[in-house]
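Using the numbering used here, you'd call the opening residue of the sequence shown number 903 and step up by one each time.
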Amino acid sequence: MASMLEFRTPGFNPYAVKYSPYYDSRLAVATSANYGIVGNGRVFCLALTAAGIKVEKMFDTNDALYDLAWSEINENQLAVACGDGSVKLFDLSVSDFPVMSFHEHKREAFSVNWNPITKDTFLSSSWDGTVKIWSPSRPTSLTTLPVGCCTYSASFSPTNPAIVSAVSSDSNLRIYDLRTPVSAKYHLTTVIPVHAAPAGPVLPRLPDGQTYAGAVPAEILTHDWNKYTDTVIATGGVDRLLRTFDIRNPASGPLAVLAGHEYAVRRLAWSPHARDVLVSASYDMTVRVWSDGSSAPLTPAPPQHPQIRSGTQLGVMNRHTEFATGVDWCLFGSGGWVASVGWDERVLLWDAHTLLR
């Protein structure tokens, strides 16, 4: 893979990487000293230049950093999720200190996500069991969604600014609709038990002929919305499997089950360029590119034997030498550039096309 670019974050272990939604040559990395167990954090804002990857700006924090999200309204701003429960907003055009700090979470803030439609809000999720929605111009949250258990990942829908998803330690994928009255379950509209057997008289079959009878519940660490089919969400977590679900049919079980990782799936991201492609980073030190199988016709199955797709592993990037913790697609260019980070203090940029079998 000759086209791989590398940047090192000495003394800091990356947790997340995000490409700028404005520039194909800018990305940011959220890192923590001592693997995020104790110590401070650092944001690296990186520029891709003709001479390689250069530091554009660095911001230090007093606590570990676990995630970040670029602002959708200001090309120089990004929000970071901190181990002290705060979410900080940094501006590349301002010196060392955050321009805003939002501090309501009672435990580690573990994910942040900017609303891609209205662009005027962002959210955070925390180990305290809540998702909070913020305005970048207000110090107090606009809304708190109680999940009730450690919430590793939350996200806005890519097409509807009122719909929020969250995955958590209790093995559930939750969907909230902010248009519903708060008195109705705090906007909660759908709960999908990720590991449950599908409802129905007959269990669906996997492509190898076995029936899918569900799995032992395990923590869900990551999820993402499909950018082309706005009712499909992929999940990943401790049981090593990626699953895709259609939130319109919460009882029908997974659309696809993707197996291959040897340890927990830490982060995944659907491609912005192809409806059936996603990438995942795992504690097995690999980053894998998949097709969920949705572009291939299903072999006809009688209705009493519905099928689950197995998808296809398109390739493996195994250059990380520690846990692979973050991955993101570049929105621009030929459609294959991926950034991945790991606890090996490395940021790797590579073209997924070079992996495809």
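Here a beta-carbon is modelled for each residue, glycine too, at the ideal position from N, C-alpha and C.
For residue i, the residue or residues it bridges with in DSSP
| i | result |
| --- | --- |
| Ala930 | Lys920, Cys947 |
| Leu980 | Trp972, Phe992 |
| Met1002 | Leu991 |
| Asn1074 | Pro1095 |
| Gln1206 | DSSP lists no partner for Gln1206. |
| Leu1251 | Leu907, Ala1241 |
| Ala1056 | Ala1068 |
| Ala1183 | Arg1169, Val1189 |
| Phe1024 | Trp1016, Trp1036 |
| Leu1044 | Looking at the DSSP assignment, Leu1044 forms no beta bridge with any residue, so it has no partner. |
| Ala1086 | Note: Ala1086 sits in no beta bridge, so no partner. |
| Ala1011 | Ser1028 |
| Gly941 | Gly941 pairs with nothing; no bridge assigned. |
| Asp1194 | Paired residues: none, contrary to the question. |
| Gly1228 | Val1243 |
Coarse secondary structure for residue i, derived from DSSP in three states
| i | result |
| --- | --- |
| Thr911 | coil |
| Met903 | The pLDDT assigned to Met903 is 44, lower than 50, so where the model puts this residue is not dependable, and the model offers no usable value. |
| Thr1061 | coil |
| Asn936 | helix |
| Thr963 | strand |
| Thr1256 | helix |
| Thr1223 | coil |
| Gly1213 | coil |
| Val1049 | coil |
| Asp1246 | coil |
| Asp986 | coil |
| Gly954 | strand |
| Asp1079 | strand |
| His1175 | coil |
Anticipated Cβ contact below 8 Å, residue i with residue j, distance rounded
| i | j | result |
| --- | --- | --- |
| Lys1129 | Trp1172 | 5 Å |
| Ile1210 | Val1159 | 6 Å |
| Val1066 | Tyr1054 | Rounded, the Cβ-Cβ distance is 14 Å, inconsistent with contact. |
| Lys920 | Ala930 | 6 Å |
| Phe1036 | Glu1010 | It is worth fixing the name first, because residue 1036 is Trp in this sequence and not Phe. Between Glu1010 and Trp1036 the Cβ distance is about 17 Å, and since that is not below 8 Å, they are no contact. |
| Val1243 | Thr1227 | 6 Å |
| Ala1166 | Val1134 | No, Ala1166 and Val1134 are not in contact; Cβ-Cβ is about 22 Å, not under 8 Å. |
Cα-Cα separation, residue i to residue j
| i | j | result |
| --- | --- | --- |
| Leu1108 | Thr1091 | 29 Å |
| Thr951 | Ser927 | 7 Å |
| Trp972 | Phe1012 | 15 Å |
| Ala1117 | Asp998 | 47 Å |
| Met903 | Arg910 | With a pLDDT of only 44 at Met903, under the threshold of 50, the placement of this residue in the model should not be trusted; the figure read from the coordinates follows. So the two alpha carbons sit approximately 18 Å from each other. |
| Leu1044 | Phe992 | 20 Å |
| Leu1143 | Tyr925 | 33 Å |
| Ala932 | Cys1052 | 20 Å |
| Ala966 | Leu1105 | 44 Å |
| Glu1247 | Ala1176 | 30 Å |
| Val989 | Phe1024 | 10 Å |
| Arg1190 | Ser1085 | 42 Å |
| Leu1251 | Glu908 | 6 Å |
| Lys1021 | Ile975 | 6 Å |
| Ala1198 | Thr1214 | 10 Å |
| Gln979 | Val940 | 26 Å |
| Ala1153 | Leu1170 | 23 Å |
| Leu870 | Ala1254 | The structure shown does not extend to residue 870, since the chain is modelled only from 903 to 1259, so the question has no answer here. |
| Phe1058 | Ser1073 | 19 Å |
| Ala1268 | Asn915 | Here the chain has residues from 903 to 1259 only, and residue 1268 is not among them. |
| Cys947 | His1125 | 24 Å |
| Glu958 | Val1218 | 30 Å |
| Pro1095 | Leu1080 | 21 Å |
| Asp1186 | Trp1127 | 24 Å |
Runs of alpha helix (DSSP H) wholly within the region 1100 to 1168 (minimum 4 residues, chain order): none
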